[in-house]
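*Asks:* Residue numbers (mature numbering (1 follows the signal peptide of the UniProt record, and there is no 0)): -18 to -1, 1 to 146. No residue lacks a Cβ here, since even glycine has one placed at the ideal position from N, Cα and C. Note that the structure is a prediction, hence the values are computed from the model and not measured. Below you'll find the structure I mean.
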């Protein structure tokens, strides 16, 4: 019985510490809101450092880069014009809740999105997401948004590797 309790305690400790540390990944998405009018798709990199603060809850910091590819527009009489690309660098607090006994988790990043394009302002950055966790990473589906005069949003699918 003591061995069983010790093995269970080690497994719980191993799972909780496995969630702490760096996450590095990438995502691809479909722009929505105003961004959907100006961009055909987006892709980006994700980086975060998380601390396990409770048995099922992690807090951390997140950043990365999301690049929106400008749409091409047909011009009457032939030809086309390509719209400008634009991007955002988020600086955010990140939270993640893992459901006990389940590989599913919910997360939220909240902070400020810095625009990399002149003429487009930064703004409130937010990204709610749901993830399926593996031993070495997580597959997630999320909505990434930056609220300012120009509403930037995208539905993203991504994968983050857990690095130790």
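Out of 138, 124 and 145, state which residue places its alpha-carbon closest to the alpha-carbon of residue 116.
*Replies:* That would be 145, whose Cα lies nearest to the Cα of residue 116.
*Asks:* Let me check one thing: in DSSP terms, what residues is residue 98 bridge-paired to?
*Replies:* Per DSSP, none; premise fails for residue 98.
*Asks:* Using a threshold of 9 Å, state whether the C-beta atoms of residue 127 and residue 141 are closer than that.
*Replies:* Contact flag unset, no.
*Asks:* Would a C-beta distance cut-off of 9 Å place residue 105 and residue 94 closer than the cut-off?
*Replies:* Taking 9 Å as the Cβ cut-off, residue 105 and residue 94 qualify as a contacting pair.
*Asks:* The beta strand (DSSP E) spanning residue 40 covers which residue range?
*Replies:* Start and end: 39 to 52.
*Asks:* Measuring alpha carbon to alpha carbon, tell me which residue in 130, 134 and 92 is nearest residue 205.
*Replies:* Nothing can be reported for residue 205, as the shown portion of the chain is limited to -18 through 146.
*Asks:* Heavy atom of the ligand GDP less than 8 Å from the Cβ of residue 41, yes or no?
*Replies:* What this structure holds is no ligand at all, so the ligand GDP is not there to describe.
*Asks:* Hey, would you say residue 16 sits closer than 9 Å to residue 135, going by beta carbons?
*Replies:* Yes, the Cβ-Cβ distance between residue 16 and residue 135 is below 9 Å.
*Asks:* Is it true that the CB of residue 20 sits closer than 9 Å to the CB of residue 65?
*Replies:* In contact: residue 65 and residue 20 (Cβ atoms closer than 9 Å).
*Asks:* State buried or exposed for residue 72, treating a residue as buried only when at least 16 other CB atoms are found within 10 Å of its CB.
*Replies:* When all chains shown are included, residue 72 counts as buried.
*Asks:* With a threshold of 9 Å between beta-carbons, can residue 13 be considered close to chain B, or not?
*Replies:* The chain inventory of the structure shown lacks chain B, comprising one protein chain alone.
*Asks:* Mapping the DSSP letters down to three states, classify residue 107 as helix, strand or coil.
*Replies:* Of the three classes helix, strand and coil, the one that applies to residue 107 here is strand, per DSSP.
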